[in-house]
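Peer 1: Once you've had a glance at the structure underneath, I'll fire off some questions.
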């Protein structure tokens, strides 16, 4: 059914017998099936895919973070080939798109899932294998809260350093006013009083006047 | 957990006599609001950390709350120099996600608009690049004069000079207006004369050669590993153009060559743009000559109540700046469950520090210019 991922999967099983890799079927018309890799084997799998001469997946072009509060939904998009019990709780997922520049094939889609969405959000960083993931992993850390262990410089990248939440999570609630200085509108001003303390006499605190 | 605040962000002179400079965000050479925290030893760069996010509006989050088609106008604002290629990238991803066929005439219109966009981007690049070197004005004005002629064509076709919102899933929004193809054809005929003029003006200039030769080169392997795509990658001699390597649309019908550089320094990156301009003109010539009659949009394509089947798709095009990809995940509803853009400008900056280390601060400006970024796409 899936010749390319099938062949790569058997090569992977032969080379890395311990690695837990399973195929996932894409039910849509695009036909881009994927390989679900256990996080602890991700770096070894990437290393194998890049360094095996006749596979030669040298370009990691895209890294996508996905938030799945409902694990059943995740299995509907990436369907397991045999019946497997769905995860007990929601999780975060990272999807990698690999291409081979000289053989001109791809995309090979890898996916890795965290244990949950609260504390078990670690996934090993693939930056030692593919440098192109550096900023993209920082972006996923910033917007989704996936912690990439082994990343050389894991900081927020698009949001400011003091920001505390992860805005791309499905349960993220946007603040009622984005503006530091809210628009002079009675309702907004009333709401804003909940956020900001009363103006101090030295005029330096971010109060409203 | 990593430290919350970047330790290199405080400007000033360090105890070890290194100078920390915050270059940007309000700086004419940063092509928008982009900042670099540079650590200098004298004039030499010892560390360079890019700082992003000044234009961040979380387009990807907005897209999850609206329908697929509603995101089309937002893509215009990604790389606002080339809205039509952005439109195409999204349309192509959705077509792959939902399995929609595109009629032949629409494919031709797409190729014509995309290659005209490439003409705009690369001529503007030359102007901006010269501006970064201090030749502020002349080259950019020449480039923008020609750009304006192409924007006139776009205005007639889409109703807007830049914010085109033109592609639809399964084709284009409207057909070419009367006489449009003839005027585009005349522009393609005249363009090489301007190109010769621009190339004569710039390419042999001694100052330009001195400032760009052997500046910012990296090895092929490092560039591929760093995810660099587009003219930057081909300037180093890597033969990887998605129009040939992974043909989309009808690019396999045209005969054109992929120009390759030798060393990958800033001079090669400039010259590769000149050569690509000429190849784009060759594609335009063929496309305009072969333009068939027929529908400009698939009549079976659903506009209202459009719900792609459950699944995911990654589709990419060779944008003027590099590989522009869209990764869409559908849960069967009218809005995308996940809408991810693979922005070439952003990922091409991954190796900015590697290219700049050990060079002078003045070279940083040139190297950043040679990457060709647009901050609307970097920050999304």
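Protein chains in written order, with our numbering: chain A, 401 to 609; chain B, -18 to 361.
Every residue, glycine too, gets a C-beta built ideally from N, C-alpha and C.
A quick note: this is a predicted structure, and the numbers were derived from the prediction, not measured.
What residues of chain B sit near residue 452 of chain A, judged by a beta carbon separation below 7 Å?
Peer 2: The premise fails here: residue 452 of chain A is roughly 16 Å from chain B at the closest Cβ pair, so nothing lies under 7 Å.
Peer 1: What are the boundary residues of the alpha helix (DSSP H) that includes residue 112 of chain B?
Peer 2: First-last of the alpha helix (DSSP H) with residue 112 of chain B: 85 to 113.
Peer 1: Report, in whole angstroms, the separation of the C-beta atoms of residue 152 of chain B and residue 64 of chain B, which I expect to be a contact under 8 Å.
Peer 2: Between residue 64 of chain B and residue 152 of chain B the Cβ distance is about 17 Å, and since that is not below 8 Å, they are no contact.
Peer 1: Do three or more CB pairs link the segment 305 to 314 of chain B to the segment 117 to 130 of chain B at distances below 8 Å?
Peer 2: Cβ pair count under 8 Å is below three, so no.
Peer 1: Give every residue of the same chain whose Cβ lies closer than 8 Å to the Cβ of residue 235 of chain B, excluding the five residues on either side of it in the sequence, and list them in chain order.
Peer 2: So the qualifying residues of the chain are 92, 263, 264, 267, 268.
Peer 1: Counting contacts by CB-CB distance shorter than 8 Å, is residue 42 of chain B in contact with chain A?
Peer 2: It does: the Cβ of residue 42 of chain B has a partner Cβ on chain A nearer than 8 Å.
Peer 1: Can you check whether the CB of residue 355 of chain B is closer than 8 Å to the CB of residue 12 of chain B?
Peer 2: Taking 8 Å as the Cβ cut-off, residue 12 of chain B and residue 355 of chain B qualify as a contacting pair.
Peer 1: Counting Cβ pairs, one atom from each stretch, are 3 or more of them under 8 Å apart for the segment 267 to 281 of chain B and the segment 29 to 49 of chain B?
Peer 2: Too few Cβ pairs lie closer than 8 Å, so no.
Peer 1: Counting C-beta neighbours from all protein chains within 10 Å, is the total for residue 560 of chain A 16 or more, i.e. buried, or is it exposed?
Peer 2: That one is exposed.
Peer 1: Compare the C-alpha of residue 562 of chain A against each of A:476, A:483, A:574, A:542 and name the closest.
Peer 2: Comparing Cα positions, the closest option is A:542.
Peer 1: Taking the alpha carbon of residue 405 of chain A as the point to measure from, which residue in A:433, A:416, A:415 has its own alpha carbon closest?
Peer 2: Measuring from the Cα of residue 405 of chain A, the nearest candidate turns out to be A:433.
Peer 1: Nearest chain B C-beta to residue 582 of chain A closer than 8 Å, yes or no?
Peer 2: Low per-residue confidence applies at residue 582 of chain A: pLDDT is 49, beneath 50, and the placement is therefore not dependable enough to give any value.
Peer 1: What does a CB cutoff of less than 6 Å around residue 449 of chain A pick up in its chain, not counting 5 residues either side in sequence?
Peer 2: Cβ within range, chain order: 455, 457.
Peer 1: Tell me whether residue 70 of chain B is buried or exposed, calling it buried when 16 or more other Cβ atoms sit within 10 Å of its Cβ.
Peer 2: When all chains shown are included, residue 70 of chain B counts as buried.
Peer 1: For residue 0 of chain B, does the three-state DSSP call read helix, strand or coil?
Peer 2: Looking at residue 0 of chain B - three-state DSSP - the assignment turns out to be strand.
Peer 1: Please name the residue, chosen from B:206, B:296, B:116, B:95, that lies closest to residue 76 of chain B on a Cα-to-Cα basis.
Peer 2: That would be B:296, whose Cα lies nearest to the Cα of residue 76 of chain B.
Peer 1: On the three-state DSSP scale, how would you describe residue 234 of chain B?
Peer 2: It is helical.
Peer 1: Can you tell which of A:485, A:429, A:468 has the C-alpha that lies nearest to the C-alpha of residue 494 of chain A?
Peer 2: Of A:485, A:429, A:468, the residue nearest in Cα terms is A:468.
Peer 1: Rounded to the nearest angstrom, how far is the Cβ of residue 33 of chain B from that of residue 350 of chain B, given a contact under 8 Å?
Peer 2: Rounded, the Cβ-Cβ distance is 18 Å, inconsistent with contact.
Peer 1: Count the other CB atoms within 10 Å of the CB of residue 185 of chain B; is the residue buried (16 or more) or exposed (fewer)?
Peer 2: Exposed: under 16 other Cβ atoms inside 10 Å.
Peer 1: Any residues in the segment 276 to 301 of chain B with a beta carbon nearer than 9 Å to a beta carbon of chain A? Which ones, in chain order?
Peer 2: Residues passing the 9 Å Cβ filter: 289, 290, 291, 292, 293, 294, 295, 296, 297.
Peer 1: When the Cα of residue 352 of chain B is compared with those of B:56, B:128, B:103, which residue comes out closest?
Peer 2: For the residues B:56, B:128, B:103, the minimum Cα distance to residue 352 of chain B belongs to B:103.
Peer 1: For residue 517 of chain A, which residues in chain B fall below 7 Å Cβ to Cβ?
Peer 2: Here the premise fails: no neighbours, minimum Cβ distance about 15 Å.
Peer 1: Ignore the nearest five residues each way along the sequence and tell me which others in residue 539 of chain A's own chain have a CB closer than 7 Å to its CB.
Peer 2: Hits under 7 Å: 557, 558.
Peer 1: Quick check: residue 305 of chain B and residue 323 of chain B, are their CB atoms within less than 8 Å of each other?
Peer 2: The answer is yes: Cβ separation under 8 Å.
Peer 1: For residue 485 of chain A, count neighbouring C-beta atoms within 10 Å of its own C-beta (all shown protein chains included) and say buried if the count is 16 or more, exposed if not.
Peer 2: Exposed, by the Cβ-count rule.
Peer 1: Could you tell me the alpha carbon to alpha carbon distance between residue 550 of chain A and residue 99 of chain B, rounded to whole angstroms?
Peer 2: One C-alpha to the other measures close to 39 Å.
Peer 1: Over the uninterrupted beta strand (DSSP E) stretch that includes residue 28 of chain B, give me the two end residues.
Peer 2: Its beta strand (DSSP E) spans residues 25 to 32.
Peer 1: When we look at the beta-carbon of residue 343 of chain A and count the other beta-carbons within 10 Å, is it buried (16 or more) or exposed?
Peer 2: The structure shown does not extend to residue 343 of chain A, since chain A is modelled only from 401 to 609, so the question has no answer here.
Peer 1: Can you give me the C-alpha to C-alpha distance between residue 201 of chain B and residue 470 of chain A, rounded to a whole angstrom?
Peer 2: Whole-angstrom Cα-Cα distance: 42 Å.
Peer 1: Using the C-alpha atoms, what's the distance from residue 545 of chain A back to residue 488 of chain A?
Peer 2: Near 20 Å, if we compare the C-alpha coordinates of residue 545 of chain A and residue 488 of chain A.
Peer 1: Mind checking the segment 318 to 352 of chain B against chain A and listing, in chain order, the residues whose C-beta falls within less than 8 Å of any C-beta there?
Peer 2: Those would be 318, 319, 321, 323, 327, 328, 330, 331, 332, in chain order.
Peer 1: Could you check where the alpha helix (DSSP H) with residue 129 of chain B kicks off and where it finishes?
Peer 2: Segment 119 to 139, the alpha helix (DSSP H) holding residue 129 of chain B.
Peer 1: Taking contact to mean 3 or more Cβ pairs, one atom from each stretch, closer than 8 Å, check whether the segment 123 to 142 of chain B and the segment 205 to 216 of chain B are in contact.
Peer 2: Touching, no, given that fewer than three Cβ pairs across the two stretches are closer than 8 Å.
Peer 1: Cα separation between residue 568 of chain A and residue 176 of chain B?
Peer 2: Using only the alpha carbons, I get a separation of about 45 Å.
Peer 1: Would you say the segment 214 to 225 of chain B touches the segment 238 to 250 of chain B, given that touching needs at least three Cβ pairs under 8 Å?
Peer 2: Result yes; three or more Cβ-Cβ pairs closer than 8 Å.
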